[in-house]
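Note sheet for the following structure.
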Amino acid sequence: MSESRKEKLEAIDVHVHFGGVKALNGVNLSLQSGDILGLIGPNGAGKTTMVNVLSGFQMPHPGTVKLNGENVSNLSARKMARAGIGRSFQSARLFPKLTVLENLVIPGLGIGLSRRAATSQARDILDWIGYREDPDRQCDSLPYSDERRISIARALALRPSFALLDEPASGMNEQECDRLMQIITRIPQEFGCGVVLIEHNMHVIMGVCHRIHVLDGGKSLAEGTPDEVKKDPKVLRAYLGEQASRPEAVI
Ligand SMILES: Nc1ncnc2c1ncn2[C@@H]1O[C@H](COP(=O)(O)OP(=O)(O)O)[C@@H](O)[C@H]1O
Ligand SMILES: [Mg+2]
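Adding 31 to a residue's 1-based position in the sequence shown gives its number in this note's numbering.
Given below as structure tokens:
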């Protein structure tokens, strides 16, 4: 499934305002194939809005999104998916009345695979992600952690250049988080893509990300390696708030 070509996704001076709320206020970030970039910050920091911008669900005003140097700021979500941006949602948003397999076949068909190839790819990804249950199970009856994993699988079924994962570990227990970390760590190599990971679970973020970008109130607060971000006084103050006196308890 992997390929070696380096691709680049950039957000340049991105602003998104909802009425008076500055959800994003001049944010820059960039990543390449192979990168796992963490996007963290308190609730309301603008993380989901940034993923919406990077995946065509929200247009920046003003601001630019570039994919391999090309301005894609005005592409619809559907076109961004075709251009190679796969994403999972904070709430899993699977097709509830379709089966697990069907949910993964649809993106394969969307990128032009035959039904047979899309089905075979769907089975391979289920296998790769460690889903050993019934692929013909309807998605509205899935346990929560399976639903989260299938949501990631569905993003990967687009064979994306970049996979954007919005809080994939939410609601998972420790063992499920560890399994998820193994999966995310192997995504770039296996799928030849870059990953943007939004996550509140600091164990997951610190364990899998190469770099971490911190947002606060729609602005970039810091970016660096997990070690750099962990020690950054601005991050400790703003992101961890009153817990900053005991950072080891949180990060
Ligand atoms: N569609 C929307 N309409 C109005 N306000 C929004 C909308 N989406 C997000 N916001 C606001 O923008 C800010 C950033 O939200 P969001 O990107 O969801 O933050 P995060 O994912 O970091 O928790 C919040 O204040 C939120 O209430
Ligand atoms: Mg969010």
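Ideal Cβ positions, reconstructed from N, Cα and C, are used throughout, including at glycine.
Item checked: Sheet register partners of L70 (DSSP bridge) -> Secondary-structure assignment with DSSP links L70 through a beta bridge to I229 and H244.
Notebook entry, point to check: Can you list, in chain order, every residue whose CB sits closer than 6 angstroms to a heavy atom of ligand 1?
Noted result: In chain order, the hits are F49, V52, A54, G72, N74, G75, A76, G77, K78, T79 and T80.
Margin query: For a test of your reading of the model: does the CB of Q121 fall under 7 angstroms from any non-hydrogen atom of ligand 2? Yes or no.
Written below: Yes, ligand 2 has a heavy atom inside 7 angstroms of this Cβ.
Check: Considering only the beta carbon of each residue, do V227 and I218 sit closer than 8 angstroms?
Finding: Their beta carbons are not under 8 angstroms apart, which means V227 does not touch I218 by this criterion.
Next item on the list: Would you mind listing the alpha helix (DSSP H) stretches within the stretch 39-101 that are 4+ residues and don't spill past its ends, in chain order?
Entry: Segments of the alpha helix (DSSP H) lying fully in the stretch 39-101: 78-85.
Check: Does DSSP classify G299 as helix, strand or coil?
Finding: No answer is possible for residue 299: it lies beyond the span of the chain, which begins at 32 and ends at 282.
Checklist line | Of the residues R154, I142 and A148, the one placed nearest L189, counting alpha carbons only | finding: Between L189 and the set R154, I142 and A148, the nearest pair of CA atoms involves I142.
Margin query: Just checking D197 against ligand 2 - is the residue's beta carbon closer than 7 angstroms to any of the ligand's heavy atoms?
Written below: Judged by the Cβ position, D197 qualifies as a neighbour of ligand 2 at the 7 angstroms threshold, a heavy atom of the ligand being closer than this.
Check: Rounded to the nearest angstrom, how far is the Cβ of I229 from that of D197, given a contact under 8 angstroms?
Finding: Separation of the CB atoms of I229 and D197 is rounded to 5 angstroms, and the pair is thereby assigned contact status at 8 angstroms.
Note to self: DSSP three-state label for E279, please.
What the structure shows: In this predicted model, E279 has a pLDDT of only 48, less than 50, meaning its place in the structure is not dependable; the value taken from the coordinates is given anyway. Three-state result, E279: helix.
Next item on the list: If I'm right that R180 touches N134 with Cβ under 8 angstroms, what's the distance once you round it to whole angstroms?
Entry: Between R180 and N134, the beta carbon gap of about 12 angstroms keeps them out of contact (Cβ cut-off 8 angstroms).
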